[in-house]
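First up is the structure itself, then whatever we jot down about it.
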Amino acid sequence: MNVLKLSAVLATAALLSACGGNEAKVCGSDDVKNQLVKIFLSGALSAQSDALSKAELKDVAIIDKDPDSGVLECVGTLTVPVVGQVASGTLKYQIAPAAKSEHDYLLLLADGPLANAFAKRIQGMVPQQQ
53 MNVLKLSAVL ATAALLSACG GNEAKVCGSD DVKNQLVKIF LSGALSAQSD
103 ALSKAELKDV AIIDKDPDSG VLECVGTLTV PVVGQVASGT LKYQIAPAAK
153 SEHDYLLLLA DGPLANAFAK RIQGMVPQQQ
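Here it is as structure tokens:
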């Protein structure tokens, strides 16, 4: 059932991104990726900074755009190399144009359940030290 929901979200996002032009690229920018990675580094994956520094954000699309604020709701796949394997997880997140900041867009919100599931997947791939 979740696969069907996710497929519907991705299909909708692909259609909206086709109309979004350059805005869809913003959802997958290095700046946004680095902000997403910081979420994982501040939690249980803080010891995995080497792997997370090599993360890639792919297959990004805009799901929705607030016409008043310019806030974009995005979906993308974060791929992280972990101990000779690759972990991939779909993330939903919101970004907003930043007026006075070191960032072009600021990460406002990342879907907690998707982010937590992805973090657990990465943790499960890392050998536990005794």
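First residue of the sequence shown? That's 53 in the numbering used here, and the numbers climb one at a time after it. Backbone N, C-alpha and C fix where the C-beta goes; we use that ideal spot for every residue, glycine too.
Beta-carbon spacing of ALA150, ALA113 below 7 angstroms: no
Under 7 angstroms between C-beta atoms of LEU130 and ALA107: yes
Assigned secondary structure, GLN137 (DSSP; H/G/I helix, E/B strand, else coil): strand
Whether GLN146 touches LEU166 by CB criterion (7 angstroms): no
Which residues DSSP lists as bridging ILE114, in chain order: CYS126
Euclidean distance between Cα positions of SER121 and LEU158: 13 angstroms
Expected contact under 8 angstroms - CB spacing of LYS144 and VAL127 to nearest Å: 5 angstroms
VAL138 burial status per 10 Å Cβ neighbour count (16 or more: buried): exposed
C-alpha gap between ALA171 and LEU88, whole angstroms: 12 angstroms
Residues sharing a beta bridge with GLU75, DSSP: Looking at the DSSP assignment, GLU75 forms no beta bridge with any residue, so it has no partner.
Reference VAL78, options ILE115, ASN168, GLY136, VAL178, closest by Cα: ILE115
Residues near SER101 in its chain [Cβ-Cβ closer than 8 angstroms; skip 5 each side]: LEU93
Burial state of LYS90 (16 or more Cβ within 10 Å): exposed
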